[in-house]
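This report refers to the structure that appears directly beneath it.
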Amino acid sequence: MNTRIAFASVGFAAALFTLLHAHPCRAQTGTIEGSVIDAAAHEPLANANVTVVGTQAGASSAINGRYRILEVPAGDYAVGASMLGYRDAQLTVTVHEGQVVRLDFLLDSHWLEIPEIVVERVMLTGGLKGIESLPGSAHFISPMELERFDYGDVGRVLRRIPGVNIQEEDGYGLRPNIGLRGSGSERSSKITVMEDGILIAPAPYAAPAAYYFPTVGRMQAVEVRKGSSQIKYGPYTTGGALNLISTQIPSQLSGRFDLLAGGDDSHVVRANIGTSFKHAGFLLETYQSGTDGFKQIDGGGTSGFEKRDYLGKIRLSTDSKARVYQEVTLKLGRATESSDETYLGLTDADFAVTPSRRYAASQADRMSTEQSQVVARHVIRASAAVDVTTTLYRTDFSRNWYKLDAVRSVDGAAAVRIGQVLAKPSDYIDELDILLGSTSENDDALLVKANNRSYYARGVQSVVGVGLSTRQTRHEFELGIRVHEDEIDRFQWNDQYRMADGIMVRTFEGIPGSESNRVERARATSGFLQYRLVYGRLTFVPGVRYEHVSLRRLDYGRDDVMRTGVDLSRRTNSVDSWIPGVGLDVDIAAGLHAFAGVHRGFAPPDSRDGTRPESSLNYELGGRLLNGMLQAEAVLFYTDYSNLLGADLAASGGEGTTNQFNGGAVDVHGLELSAAYDLGMLSRRGYSFPLRAHYTFTSAQFKNSFESDFEPWATVREGDDLPYVPRHQFGASFGLETRRFSIDLSGEYTGKMRTNASQGDYVDEQSTDAHLTMDFAASYRVSRRVRIVGRVLNLTDVEYVAARRPAGIRPGLPRRLVIGIKTIL
């Protein structure tokens, strides 16, 4: 008993001593609090590091940008704020006993590991700050925006941008179909796709269909530029350009580790680490994702994918204050994918019963890919007025999409392509039964094609920038040149299967090269000259681009798999094109700009002699408001095609020859509206209430009548709408962000799309469904460096026809829940 009393007395004394001395100690300290804000967008920045220099005290900003550092001893301090993608900032402050001092940071974006002036050489927009005076429509999706929903599907990322056309296919965005302003969306082949300012499609000139697309989940930001992109960014200059910005080398030691999981055994792992020293820096990153898939194959099996993406960067530089600054950055990347994807869709009747069904005849379908990239960039700032950015690059891509191509119900009969069967199932009852798993009478019932192809692209590009200023004017010149070569090597074969009670049994193994055995190569020399005049409130930007493209195809034939050349056929084509344009921006008032532009559009033809390049005239007129509380843009656009090109891709329901077809005159016009406003600006509670909305109206019609071998066009009459261009698109989102948690709700509406060139009332069998999908995301901050996150895709579980190509109905992604944890160093 006495022992217990003794321990209790000691404990009471210790507690009393602590209480008596706690208050005087705390009275000698103070608190530093405030917000970290994007200087250009005036939006809060989450996860910024705020530290008291020379001490261990610090904090990270919450989702609403606010931070608080407690118990800082009284005195004078330097306080620094840093965040990946932004320039470090440092302020001085005096802390008084028992008081709270407010310190707000405005961080300027710093997206590339190069001097600020060179940002314009490799970026489309220069970030939110650079957009303000661009003479054309442009959008920048910041790291904060990407973090809100943390999508792995680039289609979902881009849906919030007006003027972007997305045609879904697999529900995951593995091989996205992206168009801009009615340009056509087939495999994103009609827009210029880049990563860090470098062409990233496997063979952008010889075979532009993007069967590889950069992993958007590892990107730090995304840029889209329409209208005004024609001069600097090619070769596809009609719709516009898309640039994905990879994670940049941080200014100090930092990193992250994300782990997420969800339905269908879906999982995402993202990790990176990097730092900078006085004359060097590095970054290592990996992004890995996968799922068993949401489609149920008759007879069992998975319908998902596994992706592995690795990236490394090294930077060496002179002293930042050197008279002649130089910098070299080396970027290495490798990505692999294995996906159980198919072109085989559903009939209308089967979709109505089970939208997520997959027929038994697709059980062997699989896509295997491997991509690598090497990019070396050198920057020299010869003086305050002159800089040169030179980039050498090479990408390699190999893939084999082993997938069902055709079916025959009688031995020796002509095979019927699966697209024909599903388009008119009543005409092919026996063939459809085999696709569904009925035992075939013949051993050659199913033809599965090994679409085995390899690609490379390599080149060097250099941009020289010169800037001169007088009292009232600013003159900027950019001269760029690119020498580029790319190639696609098709070495394909067909295997044959019979169907036995729902199980495919291979009966014949084809010889590689016996189905398609040809090489296509493109060599291109391009250049541009752009002048930018800033005179008071007026910005005038004229320029011209030149493209010389030589294309050659060597077809060795199906019988010469050793490529001896005994049956070699050749074809060549070449084109020279001058692409002028001019843009104008007027600074009407603080943050309010009006702009207009006229540019010529261009897209290279294929190697068939006589195929003309795509040509158009593009006009836009718009206004933009960026004043911190409100961001808004309104744009009218008009594209007058004198010759629209279409390509025969299996992905678009064709035969897969990749031949291009002249489509003649087409008229595309429309309206783009977007706005963003933070209602939290009206409150003093420190909460953020971001509200966003956008709308796009697009009319895209043929201006002449003709017959085409391009299946989606077929018989075209004047006034027919272009397929897969929705007339109306609308989206809105609302969020609530506090120091601890955030929630976001987003809705996107896409109107009906015709699946074939036609006019008049929509026919269900020749159109997609109008649909409204909603996504929900939430985040809870456990500690300074740890957050729990979750999201629900397609919250209301809407079932809709997303597409009717390549072969049959493709369903949209059903409701999916993902939860996980995110940590930062």
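FYI, in my numbering the residues of the sequence shown are 265 to 1089. Note that the Cβ used here is the ideal one computed from N, Cα and C, for glycine as well.
Flag this pair as yes or no: are the beta carbons of residue i and residue j separated by less than 7 Å?
| i | j | result |
| --- | --- | --- |
| ALA474 | ARG451 | yes |
| TYR761 | LEU710 | yes |
| THR343 | LEU367 | The residue asked about is misnamed: residue 343 is Val in this sequence, not Thr. Going by C-beta atoms, VAL343 is nearer than 7 Å to LEU367. |
| HIS664 | SER632 | Checking the sequence shown, residue 664 turns out to be Asn, not His. Yes, Cβ-Cβ distance for ASN664 and SER632 is below 7 Å. |
| ALA323 | ILE333 | yes |
| ALA470 | ARG785 | yes |
| LYS667 | ASP697 | no |
| TRP757 | SER778 | yes |
| GLY538 | ARG809 | no |
| ARG622 | ASP614 | no |
| TYR415 | ILE455 | no |
| ALA624 | GLY526 | no |
According to the neighbour-count rule (16 or more other Cβ atoms, all chains shown, within 10 Å of its Cβ), is residue i buried or exposed?
| i | result |
| --- | --- |
| LEU608 | buried |
| HIS360 | exposed |
| HIS992 | exposed |
| ALA853 | exposed |
| GLU409 | buried |
| PHE541 | exposed |
| PHE569 | buried |
| LYS688 | exposed |
| MET826 | exposed |
| TYR799 | exposed |
| ILE682 | buried |
| LYS571 | buried |
| VAL1082 | buried |
Residue i bridges to which residues according to DSSP?
| i | result |
| --- | --- |
| PHE741 | VAL730 and TYR795 |
| HIS531 | ALA525 and GLY554 |
| SER838 | SER814 |
| SER938 | GLU897 and HIS958 |
| LYS595 | LYS577 and VAL639 |
| ASP904 | LEU881 and ASP931 |
| TRP757 | ALA714 |
| PHE953 | PHE953 pairs with nothing; no bridge assigned. |
| ILE1007 | LEU1000 and ALA1042 |
| TYR607 | In the DSSP output, where bridge partners are listed per residue, TYR607 has none listed. |
| SER1022 | ASP985 |
| ILE296 | ILE333 and VAL365 |
| LYS542 | Beta-bridge pairing links LYS542 to no other residue. |
| PHE477 | According to DSSP, PHE477 bridges with nothing at all. |
| PHE615 | Beta-bridge pairing links PHE615 to no other residue. |
| TYR1064 | Its beta-bridge partners do not exist; DSSP assigns none. |
| HIS992 | PHE961 |
| PRO844 | VAL808 |
Within the same chain, show all residues whose beta-carbon is closer than 7 Å to that of residue i, passing over the 5 residues directly before and after it, in chain order.
| i | result |
| --- | --- |
| ILE405 | VAL421, ALA485 and VAL486 |
| ARG801 | VAL850 and ASP851 |
| LEU392 | ASP302, ALA304, ALA305, SER373, PHE404 and SER406 |
| ARG482 | SER510, THR511, ARG534, GLU549, TYR551, ASP573 and LEU575 |
| ASN507 | MET387, LEU388, MET458, GLY461 and GLU487 |
| ALA1066 | GLU432, THR1032, ARG1074, PRO1075 and GLY1076 |
| GLY807 | ILE495, PHE792, LEU793, GLN794, TYR795 and GLY845 |
| GLN736 | TYR799 and GLY800 |
| ILE464 | VAL457, MET458, PRO478 and THR659 |
In chain order, what residues of the same chain have a beta carbon less than 6 Å from the beta carbon of residue i, not counting five sequence neighbours either side?
| i | result |
| --- | --- |
| MET1017 | TYR988, PRO990 and THR1032 |
| ASP340 | THR358 |
| VAL650 | VAL730 |
| ARG1051 | SER1043, ARG1045 and LYS1086 |
| PRO379 | Unreliable positioning characterises PRO379 in this predicted model, as indicated by a pLDDT of 49, which lies under 50. The coordinate reading is nonetheless provided below. Here the set comprises ARG645. |
| ARG956 | ALA940 and SER997 |
| LEU885 | ALA860 and LEU900 |
| VAL418 | GLY437, PRO440 and VAL480 |
| GLU605 | ASP434 and MET631 |
| GLU396 | LEU890 |
Keeping to the same chain, check which residues put their C-beta closer than 8 Å to that of residue i; ignore five residues upstream and five downstream.
| i | result |
| --- | --- |
| THR282 | Caution is warranted here: a pLDDT of 40 is assigned to THR282, below 50, making its placement in the model unreliable, and no coordinate value can be reported. |
| PHE317 | In the sequence as displayed, the identity of residue 317 is Val instead of Phe. Excluding sequence neighbours, VAL317 sits near TYR341, ALA342, VAL343, GLY344 and GLN354. |
| ARG1061 | For clarity, residue 1061 is Asp in the given sequence; the question names Arg instead. Cβ neighbours of ASP1061 beyond the five flanking positions: PRO1078 and ARG1079. |
query: Are the region 804-818 and the region 835-847 in contact at 8 Å, needing three or more beta carbon pairs?
result: Touching, yes.
field: Touching by the beta-carbon criterion (3+ pairs, under 8 Å), the region 826-835 and the region 857-868
entry: The region 826-835 is not in contact with the region 857-868.
message: Is it the case that the region 431-450 contacts the region 698-715, given that we only count it when at least three CB pairs across the two stretches are under 8 Å?
response: With a cut-off of 8 Å, the region 431-450 and the region 698-715 do not count as touching, because too few Cβ pairs lie within range.
message: Is it the case that the region 642-659 contacts the region 576-589, given that we only count it when at least three CB pairs across the two stretches are under 8 Å?
response: They touch, by the three-pair rule.
query: Taking contact to mean at least 3 C-beta pairs separated by less than 8 Å, is the region 979-987 in contact with the region 999-1006?
result: The region 979-987 is not in contact with the region 999-1006.
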